[in-house]
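Asks:
Protein chains: 4
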Amino acid sequence: MEFKDNEPIYLQIAAYVSEQILLGKWTADDKVPSVRELAVALQVNPNTVMRTYEQLQNQEVIYNKRGIGFFVAPDAVKKVKALKKERFLQQDLPEFFRNLFLLDINLDEIQQRYEAYIAQNLESETR
Amino acid sequence: MEFKDNEPIYLQIAAYVSEQILLGKWTADDKVPSVRELAVALQVNPNTVMRTYEQLQNQEVIYNKRGIGFFVAPDAVKKVKALKKERFLQQDLPEFFRNLFLLDINLDEIQQRYEAYIAQNLESETR
Amino acid sequence: MEFKDNEPIYLQIAAYVSEQILLGKWTADDKVPSVRELAVALQVNPNTVMRTYEQLQNQEVIYNKRGIGFFVAPDAVKKVKALKKERFLQQDLPEFFRNLFLLDINLDEIQQRYEAYIAQNLESETR
Amino acid sequence: MEFKDNEPIYLQIAAYVSEQILLGKWTADDKVPSVRELAVALQVNPNTVMRTYEQLQNQEVIYNKRGIGFFVAPDAVKKVKALKKERFLQQDLPEFFRNLFLLDINLDEIQQRYEAYIAQNLESETR
DNA sequence: GTGGTCTAGACCACC
DNA sequence: GTGGTCTAGACCACA
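Protein chains in written order, with this note's numbering: chain A, 1 to 127; chain B, 128 to 254; chain C, 255 to 381; chain D, 382 to 508.
(1) Residue 447 of chain D CB to nearest chain C CB: under 8 Å?
(2) Under the rule that 16 or more other beta-carbon atoms within 10 Å means buried, what is residue 294 of chain C, buried or exposed?
(3) Quick check: residue 407 of chain D and residue 458 of chain D, are their CB atoms within less than 8 Å of each other?
(4) Assuming residue 257 of chain B is part of the beta strand (DSSP E), what are its boundary residues?
(5) Are the region 90-108 of chain A and the region 237-248 of chain B touching, with three or more C-beta to C-beta distances below 8 Å?
(6) Can you name the residues of chain C whose CB is closer than 9 Å to the CB of residue 400 of chain D?
(7) Could you run through the region 384-398 of chain D and flag, in chain order, every residue whose CB is less than 8 Å away from some CB of chain B?
(8) Three Cβ pairs or more, each shorter than 8 Å: is that satisfied between the region 41-51 of chain A and the region 75-90 of chain A?
(9) Just the Cα atoms here: how many angstroms apart are residue 393 of chain D and residue 101 of chain A?
(10) Among residues of its own chain, excluding the 5 on either side of residue 201 of chain B, which ones have a beta-carbon nearer than 8 Å to its beta-carbon?
(11) Rounded to whole angstroms, how far is the Cβ of residue 396 of chain D from the Cβ of residue 436 of chain D, which I believe are closer than 8 Å?
(12) Would you say residue 494 of chain D faces chain C, with C-beta separation under 8 Å as the test?
(13) Output the distance between the C-alpha atoms of residue 304 of chain C and residue 320 of chain C, rounded to the nearest integer angstrom.
(14) Do you know offhand how far residue 7 of chain A's Cα is from residue 179 of chain B's?
(15) Under the rule that 16 or more other beta-carbon atoms within 10 Å means buried, what is residue 165 of chain B, buried or exposed?
(16) Which chain A residues are close to residue 220 of chain B, counting only those with a beta carbon under 7 Å from its beta carbon?
(17) Jot down the residue ranges of each uninterrupted alpha helix (DSSP H) in the region 282-320 of chain C, minimum 4 residues, whole runs only, in chain order.
(18) I'd like to know whether the C-beta of residue 183 of chain B is nearer than 8 Å to at least one C-beta of chain A.
(19) When the Cα of residue 151 of chain B is compared with those of A/110, A/121, A/103, A/10, which residue comes out closest?
(20) Does chain B have any CB closer than 8 Å to the CB of residue 117 of chain A?
(21) I'd like the span of the alpha helix (DSSP H) that includes residue 226 of chain B, first residue to last.
(22) How many Å lie between residue 359 of chain C and residue 440 of chain D at the Cα?
(23) Can you give me the start and stop residues for the alpha helix (DSSP H) that residue 22 of chain A sits inside?
(24) Expressed to the nearest angstrom, what Euclidean distance is found between the alpha-carbon atoms of residue 311 of chain C and residue 286 of chain C?
(25) When you compare the CB positions of residue 61 of chain A and residue 81 of chain A, do they come within less than 8 Å of one another, or not?
(26) Please return the same chain residues whose Cβ sits closer than 7 Å to the Cβ of residue 131 of chain B, not counting the five positions on each side in sequence.
(27) Could you give the first and the last residue of the continuous alpha helix (DSSP H) run that contains residue 465 of chain D?
(28) Could you pull out every residue in the same chain whose Cβ sits closer than 7 Å to the Cβ of residue 83 of chain A, ignoring the five residues on either side in sequence?
(29) Using a Cβ-Cβ distance under 8 Å, would residue 78 of chain A count as near chain B?
(30) Write down the C-beta distance between residue 196 of chain B and residue 145 of chain B rounded to the nearest angstrom, noting that I regard them as a contact closer than 8 Å.
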């Protein structure tokens with residue numbers, strides 16, 4: 001996994017974990033990878049992963065069994081979806097519209113690109 | 128002008144200047160406000176504006192006449208549009224599509240929201 | 255290290271860093287001194303060193319690992335050499351030739367002076 | 382005339398004037414262009430040309446007849462040559478040699494480039 | 001007047 | 001610990 005450098009790494013990892021949950025790969029009461037495990041896999045400092053898990057724990061997306069590890073919360077999908085949707089509608093969408101306007105891009109063009117995107121990503125997504 | 132605190136001020140100012148150019152309010156070979164002038168207007172430190180102008184100069188959006196000031200580059204609109212479009216296509220759009228997919232949002236819904244957005248913002252934009 | 259006062263300090267530091275790389279003293283993926291560290295060593299303000307590193311990062315001579323520090327880019331030597339050579343051929347050399355012409359100096363004389371220069375500097379350079 | 386942006390314009394103009402004298406185009410006790418005249422020709426602020434002339438007057442390359450203008454000093458060629466040569470030997474040459482060394486360029490290559498330069502510039506120079 | 005550089009010092013997020 | 005941003009204020013060369 002490679003990280004964008006305009007966004008904190010721990011947040012990018014949080015997004016990654018959230019997506020795994022959203023995609024149903026990690027489901028309710030599954031154990032998520034240990035801090036050390038994930039840190040090694042992603043080649044980051046364990047502190048960074050720890051921060052991710054703290055964040056997700058605060059959002060009640062995962063919970064902690066002391067000495068054992070972190071686990072996916074029962075209503076994790078709902079939580080993640082709510083959080084994601086709010087940010088999308090409040091922040092991403094207005095900026096997206098502003099860009100459409102300033103760059104004079106038509107929604108039809110977006111539609112076409114979206115279809116191409118879907119075609120390209122659907123199978124790999126569900127792999 | 129008020130600044131978000133999750134993005135560097137000097138970049139927000141750069142975006143502001145770029146938009147002025149994109150909207151045609153500052154045009155080719157116009158003098159942009161002097162560093163001090165803009166700093167006072169925006170209530171920031173001159174160094175911060177200086178940094179903005181350095182950035183825009185590197186992007187060849189503005190150029191410098193020594194001892195006189197900064198001026199809008201002849202092809203500034205093209206430059207700004209190219210930079211903005213690239214970031215939009217490379218970064219914003221894929222993430223946007225990913226969100227649509229993950230949140231199971233239909234493009235039709237986006238369309239409706241866009242029309243509402245346009246209706247709300249068109250007049251204020253061209254003021 | 256002492257600085258000339260007709261050239262910005264941050265550029266002189268950049269030249270210094272570039273030379274270290276060119277001379278092979280700092281090599282690919284080495285960590286360069288931290289901003290604060292180098293600032294103390296050179297007795298300048300950290301901001302000044304920061305500016306140097308920004309510059310070198312833009313030139314892709316060094317890269318950043320967030321929270322860890324700056325590192326010499328894998329192809330830093332190539333980059334530095336290319337940048338230096340371009341400036342040399344485009345700017346320095348034509349002016350040099352013009353001076354030879356205007357001052358009526360022969361290349362033979364230059365050759366002799368060069369040999370003297372080499373003799374004087376070779377050992378100290380490779381120290 | 383176009384100016385490099387790493388050197389003060391007034392010094393570039395001074396260099397230009399000096400070269401005219403060195404090339405014998407303006408000779409002893411000739412009147413040099415008036416400040417205003419030269420400023421218009423070079424598209425710079427008259428103050429800038431004034432500064433050039435002050436500089437050259439300090440170096441005793443030109444002298445002033447009040448109310449009439451500036452004139453080439455009788456020994457201007459000697460003066461210019463001495464000044465130019467000193468800077469060349471003290472500053473330009475050592476830096477030149479350092480570049481040869483760091484970029485691993487052979488004097489033979491310089492020789493070849495010099496011949497090409499001469500061939501290309503001799504006629505246009507004496508036009 | 002203009003930009004440009006530098007210092008001192010603070011505060012912050014991130015790793 | 002690391003970089004990154006920002007302020008306040010100074011000083012300078014240049015046009």
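Each residue gets a CB set at the ideal place from its N, CA and C atoms; glycine is no exception.
Replies: Taking the structure as given:
(1) no
(2) exposed
(3) no
(4) The requested residue 257 of chain B is not part of the displayed model; chain B covers only 128 to 254.
(5) yes
(6) 352, 356
(7) 386, 390
(8) no
(9) 47 Å
(10) 155, 156
(11) That belief does not hold up - the Cβ atoms of residue 396 of chain D and residue 436 of chain D are roughly 10 Å apart, past 8 Å.
(12) yes
(13) 14 Å
(14) 20 Å
(15) buried
(16) 113
(17) 289-296, 300-312
(18) no
(19) A/103
(20) yes
(21) 220-230
(22) 23 Å
(23) 9-22
(24) 12 Å
(25) no
(26) 139
(27) 457-468
(28) 59
(29) no
(30) Wrong, their Cβ atoms sit about 18 Å apart, outside the cutoff.
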